[in-house]
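>
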Ligand SMILES: Cc1cc2nc3c(=O)[nH]c(=O)nc-3n(C[C@H](O)[C@H](O)[C@H](O)COP(=O)(O)O)c2cc1C
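Residue numbers (this note's numbering): 1176 to 1380.
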């Protein structure tokens, strides 16, 4: 069964702009691709890599010891979930100019012997959409030089062979949180991000 994998990271629940946009992305995606299912992965539940996991993720499968195989179980599950998806959407805030550490913990597990060190083509045709919310305006203009989130995501996914990457930017979200801009105002960051969803959901492998 083909499925959309939705990875989300914000712990703000219903207040989260990236999660609201993810909900919208998912419902438009499922409407556009009949028969496709949805899988969600919440990165907040993912711990930092242990030493045993680091070693296992860099050891070729055929050379893994029993201890490596055991330590690789969770990364293997996340990696197979990624490789099996017909599209991936990641919804994330910017935290201190980069990703939340829980998203980094997910990335540190899916870049491994199966995806990077093996030079696999398994992700070459996977469409990936990043939905990014940040308090300030970082997707363009003067502040873009301080944005380490989009360059990091672009590099990580390029390194594991992903060619189709689309960024949906919800910034600046700070004025929405402070009630200075109504979410449905025509020039709000939220409305601008919503406008990018219909084209992005058409992509499926
Ligand atoms: C720990 C932390 C760090 C943050 N760092 C930044 C930052 O570097 N730049 C920025 O523009 N906003 C920053 N913010 C604000 C969030 O990016 C903003 O609230 C965003 O809307 C959160 O995403 P969400 O609405 O999906 O929960 C930070 C918020 C937190 C809690």
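For every residue, glycine included, the Cβ atom is placed at its ideal position computed from N, Cα and C.
Ignoring anything shorter than 4 residues or poking outside the segment 1176-1254, list the alpha helix (DSSP H) runs there in chain order.
DSSP runs (the alpha helix (DSSP H)) wholly in the segment 1176-1254: 1192-1207, 1226-1232, 1241-1246.
> Around the C-beta of residue 1240, are 16 or more other C-beta atoms found within 10 angstroms, so that it is buried, or is it exposed?
Locating residue 1240 in the chain shown gives position 65, where the first residue counts as 1. Residue 1240 is exposed by the Cβ-count criterion.
> Give the residues whose C-beta lies closer than 5 Å to at least one heavy atom of ligand 1, in chain order.
My final list is 1185, 1187, 1191, 1192, 1193, 1268, 1269, 1270, 1271, 1272, 1308, 1309, 1310, 1311, 1348.
> Decide if the segment 1305-1314 is in contact with the segment 1242-1260; the criterion is three or more beta carbon pairs, one per stretch, under 8 Å apart.
Taking 8 Å as the limit for Cβ pairs, the verdict is that the segment 1242-1260 does not touch the segment 1305-1314.
> Taking the beta carbon of residue 1251 as the centre, do at least 16 other beta carbons fall within 10 Å, making it buried, or is it exposed?
On the chain shown, position 76 is the one that residue 1251 refers to. Buried, by the Cβ-count rule.
> Are residue 1383 and residue 1184 closer than 8 Å when you measure CB to CB?
Since the first and last residues shown for the chain are 1176 and 1380, residue 1383 lies out of range.
> Please name the residue, chosen from 1288, 1330, 1270, that lies closest to residue 1238 on a Cα-to-Cα basis.
The residue you call residue 1238 lines up with position 63 of the chain shown. Checking every option, the nearest Cα to that of residue 1238 belongs to 1288.
> Can you tell me whether DSSP reads residue 1270 as helix, strand or coil?
Stepping through the chain shown from its first residue, residue 1270 is reached at position 95. Here residue 1270 sits in strand by DSSP.
> State the Cα-Cα distance for the pair residue 1256 and residue 1380, rounded to the nearest angstrom.
By 1-based counting over the chain shown, the position of residue 1256 is 81. By 1-based counting over the chain shown, the position of residue 1380 is 205. One C-alpha to the other measures close to 15 Å.
> Please classify residue 1333: does DSSP put it in a helix, a strand, or coil?
By 1-based counting over the chain shown, the position of residue 1333 is 158. Helix at residue 1333.
> Measuring CA to CA, which of 1281, 1224, 1226 is closest to residue 1181?
For the purposes of this step, residue 1181 is taken as the residue at position 6 of the chain shown. Considering only alpha carbons, the answer is 1281.
> DSSP three-state call for residue 1361: helix, strand or coil?
Stepping through the chain shown from its first residue, residue 1361 is reached at position 186. Coil.
> Leaving out five residues on either side along the sequence, give the residues of the same chain with a beta carbon under 8 Å from the beta carbon of residue 1225.
Position 50 of the chain shown, counted from the first residue, corresponds to residue 1225. Excluding residues within five positions, the ones whose Cβ falls inside 8 Å are 1246.
> Hey, how far is the Cα of residue 1364 from the Cα of residue 1358?
Walking along the chain shown from the start, residue 1364 turns up at place 189. Walking along the chain shown from the start, residue 1358 turns up at place 183. Taking the straight line from one Cα to the other gives about 8 Å.
> With a threshold of 7 Å on Cβ separation, who are the neighbours of residue 1219 within its own chain once the five nearest residues in sequence on each side are excluded?
Indexing the chain shown from 1 puts residue 1219 at position 44. The residues are 1184, 1186, 1277.
> For residue 1344, which beta-bridge partners are listed by DSSP?
Translated into positions along the chain shown, residue 1344 becomes position 169. Beta-bridge pairing links residue 1344 to 1307.
> Is residue 1286 helix, strand or coil when you go by DSSP?
Translated into the one-based positions of the chain shown, residue 1286 becomes position 111. Reduced to three states, the DSSP call for residue 1286 is coil.
> Do residue 1177 and residue 1345 have their CB atoms nearer than 8 Å?
As a first step, residue 1177 is located in the chain shown; it is residue number 2 there, counting from the start. As a first step, residue 1345 is located in the chain shown; it is residue number 170 there, counting from the start. Against a cut-off of 8 Å, the Cβ pair of residue 1345 and residue 1177 comes out as no contact.
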